[in-house]
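Student: Sharing a structure, written as structure tokens. Questions coming.
Number of protein chains: 2
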Amino acid sequence: MNVETLAVGTELLLGQIVNTNAAAIAVRLADSGMTHVRQTVVGDNATRMQDAIREAVGRCDALVITGGIGPTQDDITREAVAAVAGVPLFFDEAYARDMRVLWERRGREFPESNLRQAYRPEGAVAIPNPKGSAPGFRIEVDGCWILALPGVPAEMLAMLDDDVMPFLVSMTGDDASIVVSRVIKSWGMSEAAVGELLSDLFEGSENPTVAFLASAGVIKVRLTARASTQEAAHSLIAPLETEVRRRLGDHIFGVDDDTIEGIIHALLLERRWTIATAESATVGMVASRLTSVAGSSATFRGSIGAYASDIKTSLLYVPEDLMRTKGIVSQDTALAMARGVRRRLGADVGVAVTGSAGPEPLEVEAGTMCVAVVTPDGERARTFTMPGDRERVRTYTATAALHQTRLALMGS
Amino acid sequence: MNVETLAVGTELLLGQIVNTNAAAIAVRLADSGMTHVRQTVVGDNATRMQDAIREAVGRCDALVITGGIGPTQDDITREAVAAVAGVPLFFDEAYARDMRVLWERRGREFPESNLRQAYRPEGAVAIPNPKGSAPGFRIEVDGCWILALPGVPAEMLAMLDDDVMPFLVSMTGDDASIVVSRVIKSWGMSEAAVGELLSDLFEGSENPTVAFLASAGVIKVRLTARASTQEAAHSLIAPLETEVRRRLGDHIFGVDDDTIEGIIHALLLERRWTIATAESATVGMVASRLTSVAGSSATFRGSIGAYASDIKTSLLYVPEDLMRTKGIVSQDTALAMARGVRRRLGADVGVAVTGSAGPEPLEVEAGTMCVAVVTPDGERARTFTMPGDRERVRTYTATAALHQTRLALMGS
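Those sequence lines, one after another, are chains R and A.
The end of the first sequence is residue 606 by this note's numbering, with every number in the run present.
The end of the second sequence is residue 606 by this note's numbering, with every number in the run present.
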């Protein structure tokens, strides 16, 4: 079933609010195996709204409209749908009476403008609103089901879950397919490199589909399968996931909701190790990410932000000589910092970062960042050349340090 | 000028990400007096994308497309626009060469798939991407300007502000085409309280307009004026700004691009003071924000993330007795930490945070956070009760600590 969504509201077109309703509906459509083909937003303008509805009716099997069914003059969804359907508005006496009773029971005067909410296109079925006063409605127009819901997210969601989704699923008949997605998360390769490695899997992929998402150095590969049961969808994904894992190997650090911080925390708990950080250029970033995990006090000891180089010596035992001969931004200094913070804070694992975040170079070119990790089992150090501005360099380096930590904990 | 936006990305139709780009573009269009008539989202599907572009070209004067210009196979905006324009793709040799050089300089192998980014529809002008590798482009098709930008918000925004908005404004030839915005930033009052204090200024405001934006505890009041010259726009804003300043007083910490971190850095430079942080619940967050400022090595000494309480004693000289009698989460402990980090790291100003970030309570209810600032001129400590989840509590507390630091530095 091809479904579109249409949000109505000038406040969306002015950027005063973000269309989160569209994403909430999208997730449910995907979960129910429906194809979400297009989202549209128009303002509170009768002609533009009718145009948008008419176009959608010509394209899809169901159109979910959010917004425009409240009591004010600029709530025009009822009129627009009626115009496209070519029917008059119908006044629901029973609903109007119920509304009056409800207000009277609350001891408040009934605003007559609320009666606008008792209208709906003739032939439409009301969709009850358990969280508000504006009822929704559904009506079939030229083979397309139009479902109108309020714009208020809490009301919209309740009606979507209680009424609209079950209705749409019942309309799909016995073909109602289940959609299952698996997100495989990798680090250490560019999006282009991942795309290239997997390009033959992607080419012409229809079921499962393969998609890529990049954010802050992490490349996510999303596999999505459709089938009539959960089991069938999973078994469509399984061989593809195995193949993606084989090709990306160690670059994969997790799936779905896994975070690198959570994975490190779990690895540390498993080994009964604690961790501490010594950060120069990224001061505090690695530490704050490690402590974003609830319960991290079981594995995280503390951190030393050694921005001034005398602090590297006084608190982290980095010999001045070493920094002079090898450089403050060097793998040797990073290793000395990691060893130093383990000793100073009594931790099993030490993670250290030293570098030149920019914009001005410090010893070395801006963007040169050294990361070291020392565990009871061994040591590793890497140098990265990070592109971009100061914040990007720092953020990406913190991410890199976390991934180096994971690799060190896994002994690879 | 009627403008539409079109976002491309199956991840949007699956609800995996929210279309925040549309809202960001919407705000700028509104500020510039352009009419934003429709937003559309389609997936990475060639036919549907061409349809959406063709329809928009028939309706509006400019179409801003976000997404689909990266290096992977599912990035199809270039091809779709070329198809609608009826032109072939053109390969930009110079850009391809520059990309290769850039990758080689970073010492990384160049993925050939990146060359996809060197294509654009023949006749299109490239829009430089200062924050990423995918250039955008603009091309006129049947009297409609199509402007293609990346989907990555930071890249999209930079290109929108540097290139697309000035271009669109120049195309309007509008007399009152100069838009000037002034953002006044406040901390320490709720959005509702700010809104109430300024409600009479806001009611029916058309030029200048008044809008409120809240993010992480900072309430921004945006004044926007349109006029035919910069001077005229500024003089529309000036009296309103004076009135807003009078009403919000000390809660205002900056304007426009001012950041609390930059303001603290400037205050420290002025006083020739250095700063250091001691953080428990927020570990590293205050430190990483202070060092986000370029040149912060002139004022920032270092930081100690004292998660384990024995570190508060061993590195920050906080007496065990004090923590036992007053509590680890107490203003007394925060003050002792601030004094301790000044002494340990040889800084003039010490900022400390101790608290219970949750989800489990630690001594006190989750969300109870104590902040202390010690300067050569005096000491201050405050307790905050922060609502929300662990990340929200930590982020808001880091912001609160920075604002307490500013107030302490100003001696108020």
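We treat Cβ as the ideally placed atom computed from N, Cα and C, and that holds for glycine.
All values reported here derive from a predicted model rather than from experimental measurement.
Give me the chain R residues within the contact set of Phe-494(A), using Cβ-Cβ distance strictly less than 7 Å, ordered along the chain.
Tutor: Correct list: Tyr-501.
Student: For a test of the three-state rule: what should DSSP assign to Met-563(R), helix, strand or coil?
Tutor: Met-563(R) falls in the strand class under three-state DSSP.
Student: From the beta carbon of Met-406(R), is the nearest beta carbon of chain A less than 8 Å away?
Tutor: One point to set straight first is that residue 406(R) is Phe, not Met, in the sequence displayed. Chain A contact via Cβ: present.
Student: I'd like to know whether the C-beta atoms of Val-567(R) and Val-543(R) end up nearer to each other than 8 Å.
Tutor: Yes.
Student: Evaluate the contact criterion for the segment 317-324 of chain A versus the segment 292-308 of chain A: three or more CB pairs, one atom per stretch, below 8 Å.
Tutor: Not touching, per the Cβ criterion.
Student: Can you look up Pro-315(A) in the DSSP assignment and give me helix, strand or coil?
Tutor: Residue state, collapsed to three classes: strand.
Student: Comparing the C-beta of Ala-370(R) with each C-beta of chain A, is any distance below 8 Å?
Tutor: Its pLDDT being 47, under 50, Ala-370(R) is placed unreliably in this model, and the coordinates cannot settle the point.
Student: Along chain A, in chain order, which residues have C-beta atoms closer than 9 Å to that of Gln-233(R)?
Tutor: Neighbours of Gln-233(R) on chain A, chain order: Ala-201, Leu-206, Leu-207, Asn-213, Gln-233, Thr-234, Val-235 and Val-236.
Student: For the alpha helix (DSSP H) that contains His-428(R), what are its first and last residues?
Tutor: From DSSP, the alpha helix (DSSP H) with His-428(R) extends over 424-442.
Student: Between the C-alpha atoms of Ala-370(R) and Gly-337(R), what's the straight-line distance to the nearest angstrom?
Tutor: Residue placement at Ala-370(R) is poorly supported in this model, since its pLDDT is 47, which falls under 50; the coordinates are not used for a value here.
Student: Quick check on Gln-525(R): buried or exposed, where buried means 16 or more other Cβ atoms within 10 Å of its Cβ?
Tutor: So Gln-525(R) counts as buried.
Student: Kindly list, in the order they appear in chain A, the residues whose Cβ is closer than 7 Å to that of Glu-585(R).
Tutor: Ordered by position in chain A, the residues that pass the 7 Å Cβ test against Glu-585(R) are Ser-486.
Student: Kindly provide the ranges of any alpha helix (DSSP H) runs that are 4 or more residues long and lie completely inside the segment 501-537 of chain R, ordered along the chain.
Tutor: Counting only runs of 4 or more, we get 503-508 and 514-520.
Student: Ordered along the chain, which non-local residues of its own chain (more than five positions away) have a Cβ less than 6 Å from that of Asp-368(R)?
Tutor: Below a pLDDT of 50, predicted positions are generally treated as unreliable, and Asp-368(R), at 49, falls in that range; no measurement from the model is reported.
Student: Under 8 Å, with one C-beta from each stretch per pair, do the segment 225-241 of chain A and the segment 357-366 of chain A reach the 3-pair mark?
Tutor: At 8 Å Cβ cutoff, the stretches touch.
Student: Measure from the C-beta of Val-568(A) to each C-beta in chain R and report whether the shortest distance is under 8 Å.
Tutor: No, Val-568(A) does not count as interfacial toward chain R.
Student: What's the call for Asn-401(A), buried or exposed, on a 16-neighbour Cβ count within 10 Å?
Tutor: By the neighbour-count rule (16 or more Cβ atoms within 10 Å), Asn-401(A) is not buried but exposed.
Student: Determine, using beta carbons only, whether Gly-330(R) and Met-293(R) come nearer to each other than 8 Å.
Tutor: Contact flag unset, no.
Student: Which word fits Val-319(A), buried or exposed, when buried means at least 16 other C-beta atoms lie within 10 angstroms of its C-beta?
Tutor: Per the 10 Å Cβ criterion, exposed.
Student: Against chain R, which members of the segment 520-552 of chain A pass a CB distance test of less than 7 Å?
Tutor: Hits within the stretch, in order: Leu-539.
Student: At which residues does the alpha helix (DSSP H) containing Ser-482(R) begin and terminate?
Tutor: Run containing Ser-482(R): 479-484, per the alpha helix (DSSP H) assignment.
Student: Does DSSP put Glu-554(A) in a helix, in a strand, or in coil?
Tutor: Glu-554(A): coil per DSSP, three-state reduction.
Student: Give the residues of chain R in contact with Gln-424(A), contact being defined as C-beta atoms less than 9 Å apart.
Tutor: Going along chain R, no residue has its Cβ under 9 Å from Gln-424(A), so there is no contact; the nearest lies around 23 Å.
Student: Mind reading off the beta-carbon distance from Val-235(A) to Ala-201(A)? Whole number of angstroms is fine, and I expect it under 8 Å.
Tutor: Confirmed, about 5 Å.
Student: With DSSP as the reference, please indicate the residues paired to Gln-233(A) in a beta bridge.
Tutor: BP columns for Gln-233(A) point to Val-235(R) and Thr-199(A).
Student: For Arg-483(R), collect the residues of the same chain with a Cβ closer than 7 Å to its Cβ; drop the 5 residues on either side in sequence, then sort them by chain order.
Tutor: Answer for Arg-483(R): Glu-455, Ala-592 and Leu-596, listed in chain order.
Student: Determine whether the beta carbon atoms of Gly-389(R) and Phe-406(R) lie at a separation below 8 Å.
Tutor: Their beta carbons are under 8 Å apart, which means Gly-389(R) touches Phe-406(R) by this criterion.
Student: Hey, would you say Gly-448(R) sits closer than 8 Å to Gly-478(R), going by beta carbons?
Tutor: No, these two residues do not count as a Cβ contact at 8 Å.
Student: For a contact meaning CB atoms closer than 9 Å, what does Ile-498(A) contact in chain R?
Tutor: The answer, in chain order, is Gly-496, Ser-497, Ile-498, Gly-499 and Leu-509.
Student: Could you check the C-alpha separation between Leu-529(A) and Thr-589(A) for me, to the nearest Å?
Tutor: Near 20 Å, if we compare the C-alpha coordinates of Thr-589(A) and Leu-529(A).
Student: Could you give the uninterrupted runs of the beta strand (DSSP E) lying entirely in the segment 247-311 of chain A, keeping only those of 3 residues or more?
Tutor: Entirely contained in the segment 247-311 of chain A, the beta strand (DSSP E) runs reaching 3 residues are, in chain order, 256-260 and 283-285.
Student: Starting from Gln-267(A), find everything on chain R with Cβ-Cβ shorter than 8 Å and list it in chain order.
Tutor: Within chain R, the residues near Gln-267(A) are Gly-389, Ser-393, Phe-396 and Glu-397.
Student: So what's Asp-368(R) in DSSP terms, helix, strand or just coil?
Tutor: Because Asp-368(R) sits at a pLDDT of 49, beneath the cut-off of 50, its placement in the model cannot be relied upon, and the following sentence gives the value as read from the coordinates. Here Asp-368(R) sits in helix by DSSP.
Student: Please report the distance separating the alpha-carbon of Ser-503(R) from that of Tyr-511(R).
Tutor: C-alpha separation (whole angstroms): 11 Å.
Student: Check the Cβ of Ala-217(R) against every Cβ in chain A and list those closer than 7 Å, keeping chain order.
Tutor: Per Cβ cutoff of 7 Å: Gly-209 and Val-212.
Student: Could you give the distance in angstroms between the alpha-carbon of Leu-391(R) and the alpha-carbon of Ile-263(A)?
Tutor: When rounded, the distance between both Cα atoms is 19 Å.
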